[in-house]
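Protein chains in written order, with my numbering: chain A, 6 to 85; chain B, 251 to 467.
To keep things clear, I will list the structure first and then write my remarks on it.
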Amino acid sequence: MGETTAAIPCSEAVRQLWDYLDRAIAPEDREKVEHHLSFCRRCCGELEFAKEIRRFLSSGSSEEIPADVKARLERFVEEL
Amino acid sequence: MKSRIRSSNPSTAHATDSTEMSAIGTTDRTKEAFQELVRKELPSLYSLARRLVSDGAEDLVQEALLQGYRAFGSLKEEAAGGRWLKTILVNVFRDLLRKRARSVEEFAAGDFDDFSLYRTLVDQDPLPYSDSLHTDFLDAFGRDDLREVLMRMPEIYRAPLVLRYMDGFATKEIARLLDAPLGTILARLHRGRNLFERTMWAYAEETKLITMGDDDG
């Protein structure tokens, strides 16, 4: 552990994981999270799961448009 | 260009007299080009609308198309057309929320901080025969299940989550589009993520989604 890196509990590390993945936390907080992850296996599991949930969310972004809805909307634009 | 302006609600739609589209130039962009853009982007636009509202996705898209057509001349880069239409759609969504003027109670910070779906799955072990519990849990959710989970969340938490993690908008852009301070959006994203995990768990329990594989005994 580095002299300037304060230890944080699991609850604090988990609370910051998504922001950590988003690169939306301050460098000193990032360092604390990384330090915690360096020795906490459970929080590494939390991190991997957070990544999976993000993939799961982004994979759900495409959805087919029903043919009748598509036809109506295209007709709407034609008639503008 | 001769144009007709219709109400965004198909049930009340009626053609007005042919009206000249003058003000915000469609003059340097043709209607055909707009139609082409719409044909290409309709699936993703409709998809986004379905994630933002539980009912009325088609109306939301229709209003966005109308506003997009009126402002088509302001589109600078053809390649950015899809993103541009999406931002218009989010603006329409924001205005819709304002019109509804429905107050949604903000959850207090810390309300969900103690919930961890990862830990809950380990503790409850709903798939005892699984070698990859967490992945299998997520795999159990189909597209309709995901939408149902999202729709169970209040809009103020759902919208930032959808825009950030499903449509790839930057946090600052979400704040601008939803006309909210960046700090508010960051807080809602944080609570929204926690709420999303909690809602996934509740949904899976309620619908028996996670015990379906255990049918041999």
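Every residue, glycine too, gets a C-beta built ideally from N, C-alpha and C.
The alpha-carbon separation between A390 (chain B) and I460 (chain B) amounts to approximately 7 Å.
In the structure shown, the three-state DSSP call for Y379 (chain B) is coil. Counted as a single uninterrupted DSSP element, the alpha helix (DSSP H) harbouring P293 (chain B) occupies residues 281-302. DSSP places G323 (chain B) within a helical segment (H, G or I) once states are collapsed to three. Just so you know, the alpha carbons of E313 (chain B) and A31 (chain A) end up roughly 40 Å apart. Contact between the segment 399-419 of chain B and the segment 294-301 of chain B is present, with at least three C-beta pairs closer than 8 Å. Going by beta carbons, E405 (chain B) and L347 (chain B) fall inside the 8 Å limit. A Cβ-Cβ separation of about 6 Å places C15 (chain A) in contact with C48 (chain A) under the 8 Å criterion.
The segment 68-83 of chain A and the segment 281-292 of chain B touch, with three or more beta-carbon pairs separated by less than 8 Å.
Taking 8 Å as the CB threshold, E33 (chain A) stays off the interface with chain B.
Sequence-distant Cβ neighbours of I338 (chain B) in its own chain, meaning closer than 8 Å and more than five residues away, are A314, Q317, G318, A321. Per DSSP, reduced to three states, the secondary structure at F81 (chain A) is helical.
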